[in-house]
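Numbering (this note's numbering), first residue to last: 18 to 736.
Scroll down for the structure; my scribbles are underneath it.
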């Protein structure tokens with residue numbers, strides 16, 4: 018009898034262990050569009066099932082319809098927050114994730130989620146009040162008991178931009194680490210089994226001692242992209258480094274089931290399955306851009322100190338390819354970029370060292386079924402123009418220069434190495450530079466013929482003018498420079514430096530040429546000073562000792578309006594005497610809205626002497642008001658606010674009322690008509706609202722036709 022009772026007790030205990038494994042202390046914290054759930058894990062738990070419902074959850078509600086997500090035991094651990102040398106460099110926190118952020122006045126680490134706790138973070142996709150329940154699976158059996166400890170609600174959720182979680186701050190308060198919790202529903206957390214990514218922001222030691230705005234640098238690391246902490250020798254006013262794991266600073270398939278068992282030092286490569294389905298999404302870029310949006314608009318520690326016209330990107334190898342892709346994909350965000358030994362044709366260029374690695378993220382060069390999709394801040398332009406494009410064609414950056422020829426890119430400073438056995442020359446790089454020329458881009462750099470992947474191309478990519486470039490000022494693209502080496506560069510490079518566009522300077526408001534600092538960039542007049550200059554190439558003699566010639570194409574014009582097909586008069590004059598004319602020609606804008614003066618003579622000069630002035634005006638005086646004397650009687654277009662989101666009020670001043678309707682045309686920056694309106698002068702005096710809710714971010718041109726005259730104004734939609 019005693020044996021029977023003992024057996025019964027053992028059976029009872031066993032049943033309790035197997036079937037009464039209920040998580041406890043389920044809590045929910047809502048912070049800026051995200052819900053942080055945490056709970057006490059159970060002994061022997063294999064996984065946890067999270068349910069969500071608009072009402073109170075009972076055991077009968079634990080169905081596939083209400084199932085929200087699953088996580089494994091130890092879900093608060095993060096493989097990339099501690100470990101070996103190949104994980105997050107310079108930062109060794111507890112290996113647990115963080116829910117409660119560090120106070121910004123404190124230093125050290127925020128409190129991690131305690132051992133024995135499970136967690137998940139959900140990003141809201143709808144507004145409302147919801148209940149959550151968590152169950153445990155032990156021994157392959159899910160215990161569907163519901164009690165006060167494993168259900169919580171109602172939780173009020175609102176769709177809004179998530180904010181990063183401050184995880185750590187350097188004792189000198191010059192460096193911070195944030196955690197970014199990406200959306201588990203759309204960012205494919207099977208990629209390395211991870212949805213929590215650290216990012217480091219570093220500032221100079223003088224940061225808190227002045228209120229001046231300065232530049233922001235995005236640094237992209239080489240393969241696999243581990244984040245490093247900067248606490249000394251901070252290069253820019255504000256520096257950002259994201260943690261990456263081998264997705265080439267771009268992204269990966271949204272739907273492919275990746276192997277989630279990889280360790281913290283691993284990434285997908287030549288021995289892993291090739292991606293067979295898409296779309297390929299710019300998840301890494303989206304993380305960075307969403308973080309920038311928060312820095313610029315939300316976080317007071319940074320928003321008051323970032324000069325948004327001085328944001329730039331740099332990196333080498335994988336970081337070099339990432340630099341190019343950020344410049345290509347966000348042309349109206351960055352001022353310039355500096356990269357070296359960058360892949361330029363990831364999938365279609367033929368065999369190279371990392372081709373198989375790329376296939377493990379994006380698919381093969383012949384899989385036409387895998388296409389592109391884009392997400393994150395400022396992705397409207399990408400989706401409008403390139404969503405659905407074949408992935409292998411998208412990652413051919415050489416051809417994409419031509420596909421996007423009509424769009425102004427930031428200035429590109431780029432160099433390669435002739436003996437590179439990693440990002441293999443000439444398979445990678447050689448085809449990019451001729452396309453820069455053909456597409457009339459602003460660029461400089463070249464090839465270190467005798468160097469390998471690890472040496473010296475970074476130096477060649479430099480340009481003394483880079484720091485003077487801004488997003489909101491123009492530059493001139495230089496092509497067919499007579500003193501440049503021939504393009505394409507050789508397959509087997511000699512042990513010399515092939516340098517391009519390094520001995521030409523042009524004036525900006527921050528860079529003096531020929532004694533002139535500035536530009537004239539008005540609706541109907543454009544002026545800039547250029548000079549052929551002397552410079553010392555890396556390891557070589559002085560170059561640039563005489564006048565030169567080049568094709569000159571104004572790019573990133575801020576106010577001057579170019580209409581495809583219209584003609585423009587261009588003069589090459591002395592800097593301080595515009596009556597001294599070296600050249601004059603009438604040039605028609607091409608179909609992409611580019612005006613190029615071929616064979617422009619660049620007079621020898623320096624910061625203080627010499628040089629020449631490039632002057633461009635429309636040939637048709639009715640196109641603009643170039644011959645008008647400015648007076649209070651001249652009609653003036655006013656658009657307010659500008660920049661705007663999503664609407665702006667268009668009004669006109671100094672226009673005598675009449676019964677004649679005024680035609681209003683709104684073009685995008687490339688000359689495409691996006692909307693036509695009509696209004697009476699009386700309405701325009703009060704103001705006419707243009708709603709751009711369905712237009713992508715960017716620059717637009719408002720043109721008013723009044724009688725035989727056309728008036729124009731440039732406006733910016735900034736989301």
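All C-beta atoms, glycine included, are put in the ideal place defined by N, C-alpha and C.
Keep in mind it's a predicted model, so treat the numbers as computed, not measured.
Query, Result
"Can you name, in chain order, every residue of its own chain whose Cβ lies under 6 Å from the Cβ of residue 532, other than the five neighbours on each side?", "625"
"Taking 8 Å as the threshold (beta carbon to beta carbon), is residue 534 in contact with chain D?", "Protein chain content of the structure displayed is limited to a single chain, and chain D is not contained in it."
"Whose C-beta lies closer than 6 Å to the C-beta of residue 279 among residues of the same chain, with five residues either side of it excluded?", "209"
"Could you please give me the residues that DSSP links to residue 602 through a beta bridge?", "587"
"Quick one: what's got a C-beta closer than 7 Å to residue 469's C-beta in the same chain, skipping five residues either side?", "434, 436, 437 and 438"
"Would you give the residue range spanned by the alpha helix (DSSP H) that residue 451 belongs to?", "449 to 455"
"On the criterion of 16 or more Cβ atoms from any shown chain inside 10 Å, does residue 660 qualify as buried, or is it exposed?", "exposed"
"Check whether the segment 308 to 315 touches the segment 166 to 177, taking contact to mean three or more Cβ pairs, one atom from each stretch, closer than 8 Å.", "no"
"If you measure between the beta carbons of residue 695 and residue 680, is that distance less than 8 Å?", "yes"
"Please say whether residue 370 and residue 354 have beta carbons closer to each other than 8 Å?", "no"
"CB-CB under 6 Å to residue 15, same chain, minus the five flanking residues each way: which ones, in chain order?", "Because the chain spans 18 through 736 in this model, residue 15 falls outside it and cannot be assessed."
"Have a look at the DSSP bridge pairing and note the partners of residue 433.", "464"
"Drop a sphere of 10 angstroms on the beta-carbon of residue 430, count the other beta-carbons inside from all chains shown, and report buried for 16 or more, exposed for fewer.", "buried"
"Whether or not the segment 695 to 710 and the segment 371 to 382 are in contact is what I'm after, with contact meaning three or more pairs of Cβ atoms, one per stretch, closer than 8 Å; do they touch?", "no"
"What residue range is occupied by the uninterrupted beta strand (DSSP E) comprising residue 494?", "492 to 496"
"Got a sec, what are the start and stop residues for the beta strand (DSSP E) residue 655 sits in?", "653 to 657"
"Kindly give me the distance between the Cβ atoms of residue 338 and residue 265, rounded to whole angstroms, as I take these residues to be in contact under 8 Å.", "6 Å"
"Just the C-alpha distance for residue 542 and residue 634, rounded to the nearest angstrom, thanks.", "5 Å"
"Is the segment 315 to 331 close to the segment 486 to 504, with three or more CB pairs under 8 Å?", "yes"
"Can you say whether residue 183 is buried or exposed, counting buried as having 16 or more other CB atoms within 10 angstroms of its CB?", "buried"
"Counting Cβ pairs closer than 8 Å, one from the segment 371 to 378 and one from the segment 285 to 294, do we hit at least three?", "yes"
"Using three-state DSSP, classify residue 153 as helix, strand or coil.", "strand"
"Have a look at the DSSP bridge pairing and note the partners of residue 621.", "549"
"So the candidates are 352, 588 and 228; which of them puts its Cα closest to the Cα of residue 490?", "352"
"Give the secondary structure of residue 420 by DSSP, where H, G and I count as helix, E and B as strand, and everything else as coil.", "helix"
"Taking 6 Å as the limit between beta carbons, can you name the residues of its chain near residue 620, skipping five residues before and five after?", "564, 627, 628 and 629"
"Quick one: using the 10 Å Cβ neighbour count with 16 as the cut-off for buried, is residue 598 buried or exposed?", "exposed"
"Identify every residue that forms a DSSP beta bridge with residue 428.", "353"
"Starting from residue 698, follow the beta strand (DSSP E) in both directions and report where the run begins and ends.", "It is not in any beta strand (DSSP E) - residue 698 instead sits in the alpha helix (DSSP H) that spans 698 to 703."
"At which residues does the alpha helix (DSSP H) containing residue 515 begin and terminate?", "No alpha helix (DSSP H) holds residue 515; the beta strand (DSSP E) holding it covers 514 to 517."
"If you follow the beta strand (DSSP E) that residue 571 is in, where does it begin and where does it stop?", "565 to 572"
"With distances taken from CA atoms, which of 306, 387 and 708 is nearest residue 233?", "306"
"In chain order, what residues of the same chain lie with their CB nearer than 8 Å to the CB of residue 128, ignoring the 5 residues before and after it?", "115 and 117"
"When we look at the beta-carbon of residue 93 and count the other beta-carbons within 10 Å, is it buried (16 or more) or exposed?", "buried"
"Residue 566 and residue 616 look like a contact to me (Cβ under 8 Å); what is the Cβ gap, rounded to whole Å?", "5 Å"
"Report whether the distance from the Cβ of residue 544 to the nearest heavy atom of the ligand COA is below 7 Å.", "With respect to the ligand COA, the structure offers nothing, as it holds no ligand at all."
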